[in-house]
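Chains as they are written, first to last, in my numbering: chain A, 1221 to 1363; chain B, 1221 to 1363; chain C, 1221 to 1363; chain D, 1221 to 1363. All C-beta atoms, glycine included, are put in the ideal place defined by N, C-alpha and C. Scroll down for the structure; my scribbles are underneath it.
There are 4 protein chains.
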Amino acid sequence: MMLSAFACTHRVTYSECTVGNHVYYSRYLDILEEARGEFFRHLGKPLLALQAADFAFPVLECRLKYHAPARYDDVLQVQVWLTFAKGVRLNFAYRVAGADGKQVLEGETFHCCTNLSEKPKRLPEDLIQLLKPHLQPQPERLN
Amino acid sequence: MMLSAFACTHRVTYSECTVGNHVYYSRYLDILEEARGEFFRHLGKPLLALQAADFAFPVLECRLKYHAPARYDDVLQVQVWLTFAKGVRLNFAYRVAGADGKQVLEGETFHCCTNLSEKPKRLPEDLIQLLKPHLQPQPERLN
Amino acid sequence: MMLSAFACTHRVTYSECTVGNHVYYSRYLDILEEARGEFFRHLGKPLLALQAADFAFPVLECRLKYHAPARYDDVLQVQVWLTFAKGVRLNFAYRVAGADGKQVLEGETFHCCTNLSEKPKRLPEDLIQLLKPHLQPQPERLN
Amino acid sequence: MMLSAFACTHRVTYSECTVGNHVYYSRYLDILEEARGEFFRHLGKPLLALQAADFAFPVLECRLKYHAPARYDDVLQVQVWLTFAKGVRLNFAYRVAGADGKQVLEGETFHCCTNLSEKPKRLPEDLIQLLKPHLQPQPERLN
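In structure tokens form, the structure reads like this:
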């Protein structure tokens, strides 16, 4: 049971919707990236600063479960937390809900920590310390 | 071991790339949609005709494994096949490779068959017959 | 000389950037759409409510001047105002600047007012009244 | 009157469409980029080779006129030609039509020739020679 997680909001635009008036299935990954960016800023380590220090976090894998369509102008609540952060690996989990609390999407993204030349590199110790309070190992996998 | 699968190609544009000169992680879902569209056309049942007959295939779940970055101007080979097609469910698997055969991405998307009002609806029998030769049940899950 | 205009902010994500680390040239139109949406909400007439009342504003023409590249994580200031609003036509102008005030983009978009079946339809009188304070006829065209 | 122009095709996907079932207004710029890429390849000078030789062509300005909506699965014909190519400047014009010949969009994009550090740089003489047959100075501006 999750007690707290970093959360931010996102308002759906026409550019994110497709035929049938719902958010196109790939756009959620854009929204999750936006939320990860806000999460790192909230930690006091914006990705831009990490990039300047020669760290990048390319995605190795992602899994999304679409529970209900989001529509134009919906204000989405995006929760972000960590399920793993050790060595060269960093896994995030997400929950996206509508303003009414209706579950829209669950997701996981698995990342590698690398330098800007795409070589794996251990997560810096100070980042691991900042990430710890947000770590909630997944009791059961999404599937 | 897969003997044959429907395949099409996609050339990477700048609009699909991000900082660091690689395809942005969500754009692969756009490329897989393009490939599914070509696959249905190849079957003789374009999605537009299915839509006109009140069928849609919203995505319930997707899983992507990123093996190597694709770059601007790469010509990607996208293979598409089915792992399940029965009742109201339709599952696709994909393999994306560079022109040199290097594996770029493996993916799965799980769909529901619905009407245009988003109500589940059985796959039409003639479509199931057309899909059969492309069905390769997954021996092991991606993960 | 413009004394005041509706303004909102937008933080640049990786999904909007391309090779060379700058915002891809088409993404500014997505950002301008987001700003128009916020502008209509600010007026008390969100586009969703106008859509429910059978109004749409398809774009007839757009012009963008790119002054300087915006980069990942930049916080853009987007100013929106009107240059024309009469009959079935609605023209917007925009100025996008970096957090430091550096000019990034100037734009104009020309819209038609239509019903949801894409037939032209006069702007509703109450909307025209709300738009008036934001009307600044262009003394000189962008070009 | 234009006698000939480089042309390529583009099939519209769901990822390019928005609410109301038409191509979202910014996606045409993605399609024009794809067409410019094909045009340079056709000349024997792919943009990737020019990039390797330290040339980039950032956009300074663009103008689009939307004549009719393109829909999902439409096969668009995209014509590309040059209206200016001299010194550090390169201007393109475009015409996009449906498979039935119906005009969808007219566009212009104005580019600067730069090095990869975004400093202006003269167009290479061999490129100017290759571009010449595609040069059709605009008798009248789009507006």
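Hey, would you say residue i sits closer than 7 Å to residue j, going by beta carbons?
| i | j | result |
| --- | --- | --- |
| D/Gly1195 | D/Leu1252 | Since the first and last residues shown for chain D are 1221 and 1363, residue 1195 of chain D lies out of range. |
| D/Glu1254 | D/Phe1330 | no |
| A/Leu1296 | A/Ala1290 | yes |
| A/Thr1303 | A/Pro1357 | yes |
| D/Trp1301 | D/Ala1225 | yes |
Closest to residue i by CA distance: which of the options is it?
| i | options | result |
| --- | --- | --- |
| A/Val1279 | A/Leu1325, A/Pro1266, A/Ala1288, A/Leu1249 | A/Leu1249 |
| C/Gly1307 | C/His1262, C/Leu1347, C/Trp1301, C/Ala1272 | C/Leu1347 |
| D/Arg1315 | D/Leu1270, D/Ala1288, D/Arg1261, D/Thr1238 | D/Ala1288 |
| B/Thr1229 | B/Thr1238, B/Asn1311, B/Glu1258, B/Ala1269 | B/Glu1258 |
| B/Ala1305 | B/Leu1355, B/Gln1271, B/Gly1240, B/Ser1246 | B/Leu1355 |
| A/Asn1311 | A/Arg1256, A/Ala1227, A/Ser1224, A/Ser1246 | A/Arg1256 |
If you draw a straight line from the alpha carbon of residue i to that of residue j, how long is it in whole angstroms?
| i | j | result |
| --- | --- | --- |
| D/Glu1338 | A/Gly1318 | 42 Å |
| D/Thr1233 | B/Glu1236 | 14 Å |
| D/Gln1299 | D/Val1243 | 18 Å |
| B/Arg1309 | C/Cys1333 | 41 Å |
| B/Phe1260 | C/Leu1270 | 37 Å |
| C/Ala1313 | C/Lys1352 | 14 Å |
| B/Ser1246 | A/Ser1246 | 5 Å |
| B/Leu1267 | A/Ala1272 | 45 Å |
Residues in its own chain within less than 6 Å of residue i by CB, not counting five upstream and five downstream?
| i | result |
| --- | --- |
| B/Asn1363 | Low local confidence applies: a pLDDT of 45 at B/Asn1363 is under 50, so the model's placement there is unreliable, and no value is given. |
| A/Phe1275 | none |
| B/Asp1294 | Val1232, Gly1318 |
| C/Thr1238 | Tyr1244 |
| C/Gln1323 | His1287, Ala1317 |
What does a CB cutoff of less than 8 Å around residue i pick up in its chain, not counting 5 residues either side in sequence?
| i | result |
| --- | --- |
| C/Asn1335 | Asp1274, Phe1275, Ala1276, Lys1341 |
| A/Leu1350 | Leu1263, Gly1264, Lys1265 |
Near residue i, which residues of its chain fall below 7 Å by C-beta distance, leaving aside the five closest residues on each side in sequence?
| i | result |
| --- | --- |
| A/Leu1325 | Tyr1248, Leu1284, Lys1285, Tyr1286, His1287, Val1316 |
| B/Asn1241 | Arg1291, Tyr1292 |
| B/Met1221 | With a pLDDT of only 45 at B/Met1221, under 50, the local geometry of the prediction cannot be trusted, and the value read off the model is given with reservation. Excluding residues within five positions, none has a Cβ falling inside 7 Å. |
Suppose only complete runs of 3+ residues qualify. What are the beta strand (DSSP E) ranges in the segment 1272 to 1317 of chain C, listed by chain order? 1279 to 1286, 1295 to 1306, 1309 to 1317
Let me know the alpha helix (DSSP H) ranges lying completely inside the segment 1237 to 1277 of chain D, each 4 residues or longer, listed in chain order. 1247 to 1263, 1267 to 1272
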